[in-house]
DNA sequence: CAATGAAATTACGTTGTTGTGGTTACCCAA
DNA sequence: TTGGGTAACCACAACAACGTAATTTCATTG
């Protein structure tokens, strides 16, 4: 038996807390596509990676905060490049046109102090924690699998 | 001849930088209605106050920042009470469900530091300045009228 | 008072993001 | 190999937030 080879569409939607319709729509409209295995017709299966889960959760969080999906699309055009490793301590800051990833708290405070337009601040550490919690909650029944394994996807 | 008795619909839209359709839609759907004179049928005129202009500019700024109008409606349910006098130094902070007005910068920093969910920060001083600038720009031709008079509306 | 310009109203179309439900086609187990 | 389950796909409806273009009705000027 293989270890978790990623997350199915249905399980992904459950973990992230979105509807399957949303997951599907976002995939077909090129917002977030499954990086492990893309669909190629009816009957085929999508396979999402752990990083995909985090990105999807970011989308959901922004939507819950009242941001339009259209704006979320813009954010991800930028964020996809920067989103490398230690997201945990970073903050995503959206300023009208562009977006920034701040590593230290000081950077963030500077932005807030100088702030001219609207600032939108999203702590990524919290996002990751929530995803981890939901993974544990939904994978507990499926026997053997540690979080460490899950995140390596 | 009377001094500026408020702002007409068309002039208001120009000053704030929105379409007349938006102004109309927001009025008929009870987001922001003209406080000096409401419409009561075709041919009648709406009359907006200076405070109305600032509120409208807040709406536009939030829209430009990618916030859904539906969320803006929620914000104004709250903000309408607090929006009294010295807005200039205040910041509007939106946190998922509710909103807060911070007077000092320290309050704001605290919120950012503790921040769990998504924070949306809007400096109201800038808004007021922009409205003032546009009032001057559009009222210059209409002869006599100082900004002090305009703000007293 | 009548005409005219302007502003509110109405009507219809559009677009993006879903919900719902049916259809197709693959994957896997028996 | 052959079903059966399931996941992707498709079609349609709905809704909010407008754009655009008549159309009504007032306010004001001559």
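Protein chains in written order, with the working numbering: chain Y, 3 to 155; chain Z, 3 to 155. Heads up, the beta-carbon is just placed ideally off N, CA and C, and yes, glycines get one too.
Open item on the list: So that I know if they touch, is there some Cβ in chain Y lying closer than 8 Å to that of residue 98 of chain Z?
Closed with: For residue 98 of chain Z, the answer is yes, since a Cβ of chain Y falls inside 8 Å of its Cβ.
Task: Extent of the continuous beta strand (DSSP E) run through residue 24 of chain Y - done: For residue 24 of chain Y, no beta strand (DSSP E) segment is defined; the enclosing uninterrupted segment is the alpha helix (DSSP H) at 22 to 30.
TODO: Determine the chain Z residues that contact residue 24 of chain Y at a beta-carbon separation under 8 Å, and present them in chain order.
DONE: Simply none; closest approach about 15 Å.
Task: Minimum C-alpha distance to residue 16 of chain Z - residue among Z:149, Z:154, Z:140 - done: Of the residues Z:149, Z:154, Z:140, the one whose Cα lies closest to the Cα of residue 16 of chain Z is Z:140.
TODO: Measure the Cβ-Cβ separation of residue 124 of chain Z and residue 103 of chain Z and say whether it is below 8 Å.
DONE: No. Outside cutoff.
Task: Cutoff 7 Å; reference residue 62 of chain Z; Cβ partners in own chain excluding five residues on either side - done: Leaving aside the five residues that flank residue 62 of chain Z on each side, the residues in its chain whose CB is nearer than 7 Å to its CB run, in chain order, 18, 19, 20.
Open item on the list: Helix, strand or coil, according to DSSP, for residue 73 of chain Y in the structure here?
Closed with: If DSSP states are grouped into helix, strand and coil, residue 73 of chain Y belongs with the helices.
- [ ] For residue 2 of chain Y, decide whether its Cβ has a neighbour in chain Z, counting only Cβ atoms nearer than 8 Å.
- [x] Nothing about residue 2 of chain Y can be reported from this structure: the residues present for chain Y run from 3 to 155 only.
Open item on the list: Closer than 9 Å between beta carbons: that is the criterion. Which residues of the segment 108 to 142 of chain Z meet it against chain Y?
Closed with: Within the segment 108 to 142 of chain Z, the residues whose Cβ lies closer than 9 Å to any Cβ of chain Y are, in chain order, 110, 111, 114, 115, 117, 118, 119, 120, 121, 122, 123, 124, 125, 128.
Open item on the list: Per DSSP, what are the beta-bridge partners of residue 39 of chain Z in this structure?
Closed with: Bridge partners of residue 39 of chain Z according to DSSP: Z:49.
TODO: With 8 Å as the limit, tell me which residues of the segment 34 to 66 of chain Y have their beta carbon closer than that to any beta carbon of chain Z; keep them in chain order.
DONE: Close to chain Z, meaning a Cβ-Cβ distance shorter than 8 Å, are the following residues of the segment 34 to 66 of chain Y: 63, 64, 66.
Open item on the list: Is there a C-beta anywhere in chain Z that falls below 8 Å from the one on residue 70 of chain Y?
Closed with: Cβ-Cβ to chain Z under 8 Å: yes for residue 70 of chain Y.
Task: Proximity winner among Z:44, Z:97, Z:59, relative to residue 69 of chain Y (alpha-carbon distances) - done: Nearest C-alpha to residue 69 of chain Y: Z:97.
TODO: Confirm, please, whether the CB-CB distance from residue 14 of chain Z to residue 55 of chain Z is below 8 Å.
DONE: Taking 8 Å as the Cβ cut-off, residue 55 of chain Z and residue 14 of chain Z qualify as a contacting pair.
Open item on the list: Checking 8 Å against the spacing of the C-beta atoms, do residue 60 of chain Y and residue 137 of chain Y come in under that value?
Closed with: Taking 8 Å as the Cβ cut-off, residue 60 of chain Y and residue 137 of chain Y do not qualify as a contacting pair.
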